[in-house]
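A.B. asks: Heads up, the sequence shown is in the working numbering, so the first residue is -10 and it goes up one at a time.
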Amino acid sequence: MSIYDSLTRDWLTSTFLLGVDLTLDDGSSFPDVVFDQAIRGAVSHLEHEIGITIDPYSITNETHDAELKSQNSYWPFRLDLRPVLSFQAARIRLGSFEPVTIPVSWLRSVSSKHGQIHIIPSQESLSSYFFTTGVPLLGGYGLFTTRDFIPGYFEFDYTAGFEKREGTIVLPDGENEVSVEFSPKVLAKYEVTLTTTNAQGASTARAVSLTDSGFKVQVTTAPSTGDVTYTWNVDTLPKDLKHAIGIKAATNMLLSIAGDLILGAGIASQTLQIDGLQQTIGSTASAMYGGYSARLESFEKQYKMLLQALKAEYQVMK
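(1) Kindly indicate which three-state DSSP category Phe145 falls into: helix, strand or coil?
(2) From Arg195 to Asp201, what does the alpha carbon distance come to, in whole angstroms?
(3) Is it true that the stretch 135 to 147 meets the stretch 75 to 92, where meeting means three or more beta-carbon pairs spaced less than 8 Å apart?
(4) So, for Val291: in the same chain, excluding its five sequence neighbours on each side, which residues have a beta-carbon less than 7 Å away from its beta-carbon?
(5) With DSSP as the reference, label Gly203 as helix, strand or coil.
(6) Using only alpha-carbon positions, find the residue among Thr182, Thr209 and Ser75 that is nearest to Tyr147.
(7) Please classify Asn61: does DSSP put it in a helix, a strand, or coil?
(8) Take every Cβ of the stretch 51 to 62, pair it with every Cβ of the stretch 153 to 165, and state whether three or more of those distances are shorter than 8 Å.
(9) Between the alpha carbons of Ala239 and Gly203, how many angstroms are there, rounded?
(10) Please report how far the alpha carbon of Ser94 lies from the alpha carbon of Ala233, in whole angstroms.
(11) Within 10 angstroms of its Cβ, does Gly16 collect 16 or more other Cβ (buried), or is it exposed?
(12) In angstroms, rounded to a whole number, what distance separates the CA positions of Leu244 and Tyr63?
(13) Beta strand (DSSP E) containing Arg82: first to last residue?
(14) What are the residues that DSSP puts in a beta bridge with Asp224?
(15) May I ask you to list the residues that DSSP assigns as paired with Ile158?
(16) Do the CB positions of Ile(-8) and Leu296 come within less than 9 Å of each other?
(17) CB-CB under 6 Å to Thr52, same chain, minus the five flanking residues each way: which ones, in chain order?
(18) Cα separation between Gly123 and Pro110?
(19) Look at the alpha carbon of Asp69 and the alpha carbon of Thr182, and state the distance between them as a whole number of angstroms.
(20) Using 8 Å for Cβ pairs, my map puts Asp308 next to Lys153. What's the rounded Cβ distance?
(21) Using a Cβ-Cβ cut-off of 6 Å (strictly less than) and excluding sequence neighbours within five positions of Val175, which residues of its own chain qualify?
(22) Given a threshold of 16 other Cβ atoms within 10 Å of its Cβ, counted over all protein chains shown, does Tyr46 qualify as buried or as exposed?
(23) With distances taken from CA atoms, which of Thr185, Tyr179 and Ile39 is nearest Leu199?
(24) If you run the structure through DSSP and keep just helix, strand and coil, what is Ala78?
(25) From His34, Phe19, Val22 and Ser192, pick the residue whose C-alpha is nearest to that of Lys231; which is it?
(26) Does Asp25 come out as helix, strand or coil in the three-state DSSP assignment?
(27) Report the rounded CA-to-CA distance for Ile91 versus Phe66, giving the unit in angstroms.
(28) Quick one, are the C-beta atoms of Gly104 and Pro72 less than 9 Å apart?
(29) Quick check on DSSP: helix, strand or coil for Thr2?
(30) Which stretch, first to last residue, makes up the alpha helix (DSSP H) that contains Tyr292?
(31) Span of the beta strand (DSSP E) holding Asp54?
(32) How should Phe5 be labelled, buried or exposed, when 16 other C-beta atoms within 10 angstroms of its C-beta is the threshold for buried?
(33) Which residues in the same chain have their Cβ closer than 7 Å to the Cβ of Asp229, if we skip the five residues on either side of it in sequence?
This is the structure we're talking about:
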C-alpha cells in the first residue's frame, strides 16, 4: 500500500482546508490534479528538508566501501535511504568477480529511522567467504591477503519509507479477543484502524497490545449472532509528519489559489450599485495578500515548529 491511499483530497479538504471555498469562478470544483500535485509536492519537499524517504521505495545494489577500521565494530553502515523498512538481499563483490550472497539474517538494524545497520555473522554459513585479520575476502580467486580498503565491496537491496499494511481477521462468535501477527515484523511505531460491515452484536473493537510482531483485536461485548470479520489497516506514518504534509500541501498552492478567487487576485473589496441600491463586499485580500492570508500565516508558523522537531527526530549524527 502507498501513503497516498490516506493522503487524499478528502483528507485535505476535511482538515486543513475546512471551510475554504474550493470552487472556480464558473462554480466547478478544483480539479483533482491540483490536490494531487499539492500533496505530492509537499511529500517531496519534506523528504528533501528532513533527509528521509516517506513513500516506500525499494533500492537495489546500493554499494558501500569496506574499510579495515570497521572490522572490530561489526561493519557499521549508514544506508542512503531511511527509515529502513526491510532488507531483501546483501552481497559482497570484488571488482568484476561474481558476488557472494550474505544471509539477510546477518544484517542487524540498529536504528531503522537513521538507516544504521551492522553485519553480524550468525549460524548461517557463507560459502567462499573468509574472516581474516583484515577485510573479509572472497575465496577461490587467489586473493587471500588482507586489504585495508576495498571500494564498493558491500551491496544492499532494501526498502525504505513509512509502510502501510492491511488485512482481515475473524473474531469468532462469543469470543472477546483475537490476535493479528505480522510477517515480517513492523519496525516502526504504528496506528491501527479497524472496520467491519456487521458487528454481529459486538461492541466497538479496539486494537490493544501493539508490538512489532502484531496486536490484538479486543471487544468488551462479544459477538452473539455470528463471527465478525474485521478489516485492519496499519499505518506507520507519524502524526506530526502527516500534519506537516497537510500544512505544506495547503499552503503550497491551494490556499493561495482559493484566496485569489474570492473576489479576484489583488482585489480587497467590490461594490455593486443598481438603481440607488449599493452593496459592498470586502475581504482580507489586497495587492500584497490573498484572501486566506491569516490562515496561511498561522500554518507557516506551525510548519516551522513542526519542521524543527522533525529534523531533531531524524537528524543523523556525523
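The C-beta atom is built at its ideal place from N, Cα and C for all residues, glycine as well.
C.D. replies: So, from the data block:
(1) Strand, per DSSP.
(2) In this structure, the CA atom of Arg195 is about 17 Å from the CA atom of Asp201.
(3) The stretch 75 to 92 and the stretch 135 to 147 touch, with three or more beta-carbon pairs separated by less than 8 Å.
(4) The question names Val, but residue 291 is Gln in the sequence shown. Listed in chain order, the non-local C-beta contacts of Gln291 below 7 Å within the same chain comprise Ile236, local neighbours out to five positions each way being set aside.
(5) Residue state for Gly203 is assigned as strand, using DSSP reduced to three classes.
(6) Nearest option by C-alpha distance: Ser75.
(7) In the structure shown, Asn61 sits in a helix (DSSP, three-state: H, G or I).
(8) The stretch 51 to 62 vs the stretch 153 to 165: no contact.
(9) A direct Cα-to-Cα measurement between Ala239 and Gly203 gives close to 35 Å.
(10) The alpha-carbon atoms of Ser94 and Ala233 are separated by roughly 36 Å.
(11) Per the 10 Å Cβ criterion, exposed.
(12) Take the alpha-carbon of Leu244 and the one of Tyr63: they are about 51 Å apart.
(13) Run containing Arg82: none; DSSP gives neither H nor E here.
(14) Per DSSP, Lys153 and Glu180.
(15) DSSP, once it has assigned bridges, lists Tyr219 as partnering Ile158.
(16) Against a cut-off of 9 Å, the Cβ pair of Leu296 and Ile(-8) comes out as no contact.
(17) Apart from the 5 residues on each side of it in sequence, Thr52 sits with its Cβ closer than 6 Å to the Cβ of Gly141 and Glu144 in its chain, given in chain order.
(18) Confidence at Gly123 is low in this model, with a pLDDT of 45, below 50, so its placement is unreliable and the value that follows should be read with caution. Cα-Cα distance, rounded: 16 Å.
(19) Asp69 and Thr182: Cα-Cα distance of roughly 31 Å.
(20) The shown model of the chain, from -10 to 307, leaves out residue 308, and the question about it has no answer.
(21) Residues of the same chain with a CB within less than 6 Å of the CB of Val175, apart from the 5 flanking positions on each side, are Asp201 in chain order.
(22) With fewer than 16 Cβ atoms within 10 Å of its Cβ, Tyr46 is classed as exposed.
(23) It is Tyr179 whose Cα lies nearest to the Cα of Leu199.
(24) DSSP places Ala78 in strand when its eight states are reduced to three.
(25) The shortest Cα separation from Lys231 among His34, Phe19, Val22 and Ser192 belongs to His34.
(26) In the structure shown, Asp25 sits in a helix (DSSP, three-state: H, G or I).
(27) Roughly 15 Å between the two C-alpha positions.
(28) Contact flag set, yes.
(29) In this structure, Thr2 counts as helix in the three-state DSSP scheme.
(30) From DSSP, the alpha helix (DSSP H) with Tyr292 extends over Ser282 to Tyr303.
(31) Counting along the chain, Asp54 sits inside the beta strand (DSSP E) bounded by residues Tyr46 to Glu56.
(32) Phe5 comes out buried.
(33) For Asp229, the CB contacts under 7 Å within the same chain, skipping 5 residues up- and downstream, are Leu295, Ala298 and Leu299 in chain order.
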